[in-house]
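> Position one of the sequence shown corresponds to residue 146 (our numbering), numbered consecutively onward. Glycine included, each C-beta is placed from N, C-alpha and C at the ideal position.
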Amino acid sequence: MSAALSLTAPVLISCVLICAAAKGVEIYPAMVAGAKKGLRVLADILPALIVLFPAIYLLRASGIPALLERGLAPALDALGIPRETALLMLLRPISGSGALGAAAEIIGRAGADSLVGRTAAVMIGSSETTLYVAAVYFGAAGVRSGSWVIPAALCADAACFVCSAWICRIFWGG
Numbered sequence: 146m147s148a149a150l151s152l153t154a155p156v157l158i159s160c161v162l163i164c165a166a167a168k169g170v171e172i173y174p175a176m177v178a179g180a181k182k183g184l185r186v187l188a189d190i191l192p193a194l195i196v197l198f199p200a201i202y203l204l205r206a207s208g209i210p211a212l213l214e215r216g217l218a219p220a221l222d223a224l225g226i227p228r229e230t231a232l233l234m235l236l237r238p239i240s241g242s243g244a245l246g247a248a249a250e251i252i253g254r255a256g257a258d259s260l261v262g263r264t265a266a267v268m269i270g271s272s273e274t275t276l277y278v279a280a281v282y283f284g285a286a287g288v289r290s291g292s293w294v295i296p297a298a299l300c301a302d303a304a305c306f307v308c309s310a311w312i313c314r315i316f317w318g319g
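(1) Three or more C-beta pairs closer than 8 Å, one from the region 228-238 and one from the region 267-280: is that the case here?
(2) Go ahead and label Val261 buried or exposed: buried means 16 or more other beta carbons lie within 10 angstroms of its beta carbon, across all protein chains shown.
(3) Going by beta carbon distance, what residues of the same chain come within less than 8 Å of Ile295, once the five residues before and after it are set aside?
(4) State the DSSP-derived secondary structure class of Glu273, mapped to helix, strand or coil.
(5) Please identify the residue among Pro155, Gly284, Arg263, Cys308 whose C-alpha is closest to the C-alpha of Trp317.
(6) Tell me the rounded alpha-carbon separation between Ala206 and Gly179.
(7) Taking its Cβ as the centre, do 16 or more other Cβ atoms sit within 10 Å of Val267, making it buried, or is it exposed?
(8) In chain order, which alpha helix (DSSP H) runs of at least 4 residues are fully inside the region 209-240?
(9) Would you grab the beta carbon distance between Ala310 and Ile226 for me? Rounded to a whole angstrom, and I think it's under 8 Å.
(10) If I follow the unbroken alpha helix (DSSP H) through Ser151, where does it start and stop?
(11) In three-state terms, what does DSSP make of Arg185?
(12) Any heavy atom of the ligand GTP within a distance shorter than 7 Å of the CB on Ile158?
Dropping the structure here:
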């Protein structure tokens, strides 16, 4: 299995080069053009990233997520969502790495086979880092007015969180 995995990248790259050559594509100029395009996208999204990452750190350091977790506990109980996943749900729309850290902490504390651990894993897999993606893609695409995109995407994330908890309860009880 390990040998097959180690050959995946070279085989994939070789296939792309062979297909490009078969279609008559000039490979080196195409790669240079792609690199230029990638650098332009980087220049477009870098300001958003420079603002977003310190904001995420400040949010976590402020203690606000712990306060929100305590405040949201009654609503989470009413919806059938494990309380332990509150921080995960608060971080996921903002930071993928922060949410993964929260999920790892939940799974480490509750166990990977627990209802809470499975719910955290399903939540991570079914939702998106909405604000990060919007900042990056809107910046790259030059979108200036997307007033309904963020509320709609956050509603979709909320639906993912609720459905994740319910589906995990259906499959693994609790």
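Taking the definition as stated:
(1) yes
(2) buried
(3) Thr275, Leu276, Ala279
(4) coil
(5) Arg263
(6) 39 Å
(7) Looking at its Cβ environment, which holds 16 or more other Cβ atoms inside 10 Å, Val267 is buried.
(8) 209-224, 231-236
(9) 4 Å
(10) 147-167
(11) Note: Arg185 maps to helix in three-state DSSP.
(12) What this structure holds is no ligand at all, so the ligand GTP is not there to describe.
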